[in-house]
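Numbering (the numbering used here), first residue to last: 4 to 263.
Note that beta-carbon positions come from the ideal geometry of N, C-alpha and C, so glycine has one too.
Data block below; observations after.
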């Protein structure tokens, strides 16, 4: 995969395929249905990664390291923002330390790109980066997903990881994250859930994050309302749009602005 409709990045790069559900934010993960669809299209990499529970497609816990994909970023000559593993989690416990280090080497050797790594497993990320990688690459952004107050501890873990850019994806935002401390967090992405089983988002939850971004001078990016509008009516994601407080919010970390 390369081109993408994800608003905050240019391309996706998936050296790992497959995952497993770890928290409530995973419940309706788009990647599970996408993996099933790719398997039906005979894309070998995505074969055997999901199972059916009634009408739902869910991960079955199988995770694959894709050696061939490691060459892809070298072929992209123009600088890109690259979302690493939109279809998995680089720090899943079934991804070997050695493979993670090889992914890091690719990023080191392609400094023209900015790599955005998002994980729901920041504890392992902290362990590997501090003990085995040890160096900060200026083109690597590290982030964690926080869907509710139940996983706010992920932010504290992220703050301990040495990085050029730290970011949080509050998507799908399925509950209040009041009290989230964004000190030393460079970027916050906020979005509601999409899909037929999407859970509603409330405007006051977005307000809480927006206010914290102002306090911490954190760039604020509002990605989408998702399936539920601010009037608590279910529509298509397209119809609900991306406007919040009367405008779109596409703020990026200051370092990327300075480098363009």
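As the crow flies, the alpha-carbon of residue 184 is around 20 angstroms from that of residue 204. Sixteen is the threshold: when 16 or more other Cβ atoms of the shown chains lie within 10 Å of the Cβ of residue 68, as they do, the residue is buried. Considered as a whole, the stretch 67–114 harbours 84–87 as its complete beta strand (DSSP E) runs of no fewer than 3 residues, in chain order. With the rule of 3 Cβ pairs closer than 8 angstroms, the stretch 181–195 counts as touching the stretch 162–173. Under the three-state reduction of DSSP, residue 134 is assigned to helix. Residue 225 has its alpha-carbon roughly 31 angstroms from the corresponding atom of residue 98. In the structure shown, residue 160 adopts helical secondary structure according to DSSP, grouped into three states. Annotation for residue 208: the continuous alpha helix (DSSP H) segment containing it runs 206–219.
Of all C-beta pairs linking the stretch 129–140 to the stretch 29–37, fewer than three are shorter than 8 angstroms, placing the two stretches out of contact. DSSP assignment within the stretch 30–66 yields the following whole alpha helix (DSSP H) runs of 4 residues or more, N-terminal first: 33–43. Note on residue 93: 16 or more other CB atoms within 10 angstroms of its CB, so buried under the neighbour-count rule. Counting C-beta pairs with one atom in each stretch, the stretch 201–221 and the stretch 43–59 have fewer than three that are closer than 8 angstroms, which means they do not touch. The straight-line gap separating the alpha-carbon atoms of residue 140 and residue 118 is approximately 10 angstroms. No Cβ-Cβ contact shorter than 8 angstroms links residue 116 with residue 75.
Scanning its chain for C-beta atoms nearer than 8 angstroms, with the 5 sequence neighbours on each side dropped, one finds around residue 82 the residues 115, 116, 117, in chain order.
Counting only the Cα atoms, residue 6 lies some 7 angstroms from residue 13. Ranking 110, 228, 167, 95 by CA distance to the CA of residue 251 puts 228 first. In this chain, the beta strand (DSSP E) harbouring residue 226 covers 222–227. In this structure, residue 35 sits away from residue 19, with a CB-CB distance that is not shorter than 8 angstroms. Here residue 154 has 26 as same chain residues with Cβ atoms under 6 angstroms from its own Cβ, once five neighbours each way along the sequence are excluded.
In this structure, residue 230 lies away from residue 206, with their beta-carbon atoms at least 8 angstroms apart. Pairing residue 219 with residue 79, the inter-Cα distance amounts to about 35 angstroms.
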